[in-house]
Amino acid sequence: KAGVTQTPRYLIKTRGQQVTLSCSPISGHRSVSWYQQTPGQGLQFLFEYFSETQRNKGNFPGRFSGRQFSNSRSEMNVSTLELGDSALYLCASSLGQPSSGANVLTFGAGSRLTVL
Amino acid sequence: GEDVEQSLFLSVREGDSSVINCTYTDSSSTYLYWYKQEPGAGLQLLTYIFSNMDMKQDQRLTVLLNKKDKHLSLRIADTQTGDSAIYFCAGATSGGYNKLIFGAGTRLAVHP
Numbered sequence: 496k497a498g499v500t501q502t503p504r505y506l507i508k509t510r511g512q513q514v515t516l517s518c519s520p521i522s523g524h525r526s527v528s529w530y531q532q533t534p535g536q537g538l539q540f541l542f543e544y545f546s547e548t549q550r551n552k553g554n555f556p557g558r559f560s561g562r563q564f565s566n567s568r569s570e571m572n573v574s575t576l577e578l579g580d581s582a583l584y585l586c587a588s589s590l591g592q593p594s595s596g597a598n599v600l601t602f603g604a605g606s607r608l609t610v611l
Numbered sequence: 305g306e307d308v309e310q311s312l313f314l315s316v317r318e319g320d321s322s323v324i325n326c327t328y329t330d331s332s333s334t335y336l337y338w339y340k341q342e343p344g345a346g347l348q349l350l351t352y353i354f355s356n357m358d359m360k361q362d363q364r365l366t367v368l369l370n371k372k373d374k375h376l377s378l379r380i381a382d383t384q385t386g387d388s389a390i391y392f393c394a395g396a397t398s399g400g401y402n403k404l405i406f407g408a409g410t411r412l413a414v415h416p
C-alpha cells in the first residue's frame with residue numbers, strides 16, 4: 496500500500512512569490528491535514544480537509560489556503576511568501592472518521608520550502 | 305488551548321532503557337500519540353494511548369499515562385543506535401482528532 500506522497504520534496508522561492516504544494520493520501524483515506532514545522536515554532540496545525548470541505552483550521556494568516564479534490568488529493572497554497580514561511584510542510588492522511596480506536600494519521604516525508 | 309511540553313534532549317547508552325517524558329494541559333485530550341522523526345524524514349507513528357488507559361505496551365515500547373498529573377511517558381527498552389531521532393508527543397481532542405497539538409520534541413542520542 497503506497498504511503499502519503501508529497502510533491503515537490505524541495506523548492507526555493509523568493510519573497511512575494513506564491514507556492515503550491517501537493518499531497519496524495521493513502522488510498523481510501525478521506526482526510527488530509529497539513530502541518531508546518533519550523534525550528535522556532537515546532538509543529539503547527541494548518542488545516543484539515545475531509546470530503547473536499549475544510550473541517551478544522553489552525554491559527555495562520557489568510558495567505559495560507561488549501562483545497563481537496565474529489566479523489567482526496569489535496570493542495571495547499573501560500574501567497575505573498577515571507578522569509579518566515581521557510582519550513583517543512585507535512586501532510587498527513589487518515590480515514591477521517593474513527594469507528595473505534597484512534598484516528599491514526601500517516602505523515603508524508605514533507606515538502607521543504609526555502610524562501611529567499 | 306492545549307499545550308504540550310517535553311524535555312528537549314536525552315542521551316543514553318546503547319542497551320539501556322530510555323524514558324521520554326511529556327506533560328499536557330488539556331484534560332479533554334482523548335488520544336495521546338508518540339511520533340518519531342529521523343533526519344530528513346516525516347513523522348512516523350510509534351504508538352498511541354487512549355485517555356482511559358494507564359499503560360500500553362508494544363514490543364520495546366511502553367507508554368504510561370498519569371491522567372491526574374497530565375503526564376505521559378514513553379519507555380524504549382534495550383535502546384539501539386537506530387533509535388536516535390526526535391520523539392514528539394501529541395494530543396488530540398475528540399472533536400478535533402485530526403488537529404494534533406505537538407510538543408517541541410525530545411532529541412534522543414544513543415551512544416555506544
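Heads up: the sequence lines are chains A and B, in that order.
Just so we're on the same page, our numbering is the position in the first sequence counted from 1, plus 495.
Just so we're on the same page, our numbering is the position in the second sequence counted from 1, plus 304.
Positions of the beta carbon are idealized from the N, C-alpha and C atoms, including for glycine.
Return the residues of the region 369-394 of chain B that lie within a Cβ-Cβ distance of less than 9 Å from chain A, sorted by chain order. F392 and A394
Any residues in the region 526-543 of chain A with a beta carbon nearer than 7 Å to a beta carbon of chain B? Which ones, in chain order? S526, S528, G537, L538, F540 and E543
Ignore the nearest five residues each way along the sequence and tell me which others in G523 (chain A)'s own chain have a CB closer than 6 Å to its CB. none
Using a Cβ-Cβ cutoff of less than 8 Å, which residues in the same chain neighbour Q348 (chain B) once the five nearest sequence positions on both sides are dropped? Y339, K340, Q341 and E342
Classify L578 (chain A) as helix, strand or coil using the three-state DSSP reduction. helix
Same chain, Cβ closer than 7 Å to N551 (chain A), neighbours up to 5 away in sequence not counted: F542 and E543
Boundaries (first-last residue) of the beta strand (DSSP E) holding S311 (chain B): First-last for S311 (chain B): undefined, no H or E at that position.
Please name the residues in the region 551-562 of chain A whose beta-carbon is closer than 8 Å to at least one beta-carbon of chain B, in chain order. N551 and G553
C-alpha distance - K371 (chain B) paired with A582 (chain A), whole-angstrom precision: 34 Å
Only counting the same chain, and skipping five residues up and downstream in sequence, which positions put a Cβ closer than 7 Å to that of S546 (chain A)? R525
Look at the alpha carbon of S595 (chain A) and the alpha carbon of F313 (chain B), and state the distance between them as a whole number of angstroms. The pLDDT assigned to S595 (chain A) is 49, lower than 50, so where the model puts this residue is not dependable; a value taken from the coordinates is nonetheless given after this. If I take the Cα positions, the gap works out to 34 Å.
Interface residues of chain B facing G679 (chain A) [CB-CB closer than 7 Å]: Residue 679 (chain A) lies beyond the range of chain A shown here (496 to 611); nothing can be said about it.
Less than 8 Å between CB atoms is the rule here; does A408 (chain B) satisfy it with respect to chain A? yes
Out of curiosity, what's the CA-to-CA distance linking N356 (chain B) and G409 (chain B)? 24 Å
Beta strand (DSSP E) segment containing Q549 (chain A), residue limits: T548 to K552
Please state whether DSSP places T383 (chain B) in a helix, a strand or coil. coil
Please classify I507 (chain A) as buried or exposed, where buried requires at least 16 other C-beta atoms within 10 Å of its C-beta. exposed
Output the distance between the C-alpha atoms of S321 (chain B) and V514 (chain A), rounded to the nearest integer angstrom. 44 Å
When the Cα atoms are used, what is the spatial distance from Q532 (chain A) to R607 (chain A)? 9 Å
Would you say K360 (chain B) lies against chain A (beta-carbon separation less than 8 Å)? no
Who are the Cβ neighbours of G511 (chain A) in its own chain at under 8 Å, not counting the five residues just before and after it? T575 and L576
Quick one: what's got a C-beta closer than 6 Å to N572 (chain A)'s C-beta in the same chain, skipping five residues either side? T515 and S560
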